[in-house]
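Numbering (the working numbering), first residue to last: 190 to 358.
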Amino acid sequence: MHPLRKKRLLLIGLMLLVVSVAVGLVLFALKSNVDYFFPPADIAAGKAPIDKRIRVGGMVVEHSIQRDPMTLKVRFKLTDYADELSVVYEGILPDLFAEKEGAVASGKLGADGVFVADEVLAKHDENYMPPEVADSLVKQGKAAPSAATARDSNNMDAHKLKQPSQVAP
Numbered sequence: 190m191h192p193l194r195k196k197r198l199l200l201i202g203l204m205l206l207v208v209s210v211a212v213g214l215v216l217f218a219l220k221s222n223v224d225y226f227f228p229p230a231d232i233a234a235g236k237a238p239i240d241k242r243i244r245v246g247g248m249v250v251e252h253s254i255q256r257d258p259m260t261l262k263v264r265f266k267l268t269d270y271a272d273e274l275s276v277v278y279e280g281i282l283p284d285l286f287a288e289k290e291g292a293v294a295s296g297k298l299g300a301d302g303v304f305v306a307d308e309v310l311a312k313h314d315e316n317y318m319p320p321e322v323a324d325s326l327v328k329q330g331k332a333a334p335s336a337a338t339a340r341d342s343n344n345m346d347a348h349k350l351k352q353p354s355q356v357a358p
C-alpha cells in the first residue's frame, strides 16, 4: 500500500472515530435531560420511577389545595379521574393555577408516593390543556378526543372544519 494512501486512510479513520465519540456524547447528554410524563393512574400502578426526574399532570382536585401560611409550601392533588396523586411544591404558583384546572408538575416521586415538584405549570387559557393531560383524560374516557387533537389554534380550526355540516337539505 502506498504511504500517502495509508495516511489518508488513517486520517479518515481517526475523523470517523472523533465524530462517533462526539455523537455518542451528545446523545447521552440529551437522554439524561428528558423528562418522561406519567399520569396519576400510571404512578399508582407503579410504572413511574422513584427518585428520578419526571413530569406528572392532571386536573387539580377540588378542595385539595393546602397552603402553609408561614412559607410558600403548597400541597395539592392531581387526578386523571382514575387515580389521585399528592404533590408538594415550594414556590410561587402560576396565576392561573386553580382547582378543577389542568396542571403539569416537574420533579421527583418519593418512595412515600408523594411527588415533590420543583416546577408547576398551569393552563394558559380556557381552550388549552397540556397535550399529555388531554391524552390521559381521553384514555380514561373523561374528555372528548377533540381535546387531545386541538393542541393549537391551527389544529382547532382544522378540527372545526372537519365537523359535519348541520345545514338542512
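Using N, Cα and C, we set each Cβ at its ideal position, and we do this for glycine too.
Open item on the list: Per DSSP, what are the beta-bridge partners of Q255 in this structure?
Closed with: According to DSSP, which records beta bridges pairwise, Q255 is partnered with R264.
Task: L285 and A311 closer than 8 Å at C-beta - done: Cβ atoms of L285 and A311: closer than 8 Å.
Open item on the list: Nearest by alpha-carbon distance to F160: which of V276, I243, G247 and P258 is it?
Closed with: The question about residue 160 has no answer here: the residues shown for the chain are numbered 190 through 358.
TODO: For P229, count neighbouring Cβ atoms within 10 angstroms of its own Cβ and tell me buried if that reaches 16, exposed if not.
DONE: Buried, since its Cβ has 16 or more Cβ neighbours within 10 Å.
Task: Nearest-angstrom Cβ-Cβ length linking S295 and D224, presumed shorter than 8 Å - done: Correct: roughly 6 Å between the Cβ atoms.
Open item on the list: Can you give me the C-alpha to C-alpha distance between A270 and Q329, rounded to a whole angstrom?
Closed with: For the sequence presented, residue 270 should be read as Tyr rather than Ala. The C-alpha of Q329 is placed about 7 Å away from the C-alpha of Y270.
Open item on the list: Quick check on this structure: which residue in S325, K241 and L326 has the alpha carbon closest to the alpha carbon of T297?
Closed with: Correcting the residue identity first, residue 297 is Lys in this sequence and not Thr. Here the closest residue by C-alpha is K241.
TODO: Enumerate in chain order the residues of its own chain whose CB-to-CB distance from G280 is below 7 Å, with the five nearest sequence positions on each side excluded.
DONE: L261, listed in sequence order.
Task: Other residues of its chain near A233: CB distance less than 6 Å, five sequence neighbours each side excluded - done: Residues D272 of the same chain have their beta carbon placed closer than 6 Å to that of A233, with the five preceding and five following residues left out of the count.
- [ ] Quick one: residues in its chain with C-beta nearer than 6 Å to the C-beta of R264, no 5 flanking neighbours on either side, listed in chain order?
- [x] Excluding sequence neighbours, R264 sits near Q255 and V277.
- [ ] Please state whether DSSP places D307 in a helix, a strand or coil.
- [x] Strand at D307.
Open item on the list: Helix, strand or coil, according to DSSP, for L200 in the structure here?
Closed with: Helix, per DSSP.
- [ ] With DSSP as the reference, label G213 as helix, strand or coil.
- [x] In the three-state scheme derived from DSSP, where H, G and I count as helix and E and B as strand, G213 is classed as helix.
Open item on the list: Once DSSP output is grouped into helix, strand and coil, what is the label at V245?
Closed with: Strand, per DSSP.
Task: A300 versus P238: straight-line alpha-carbon distance, rounded - done: In this structure, the straight-line span from the alpha carbon of A300 to that of P238 is close to 10 Å.
Task: Distance between L326 and M259 (C-alpha atoms, nearest Å) - done: As the crow flies, the alpha-carbon of M259 is around 35 Å from that of L326.
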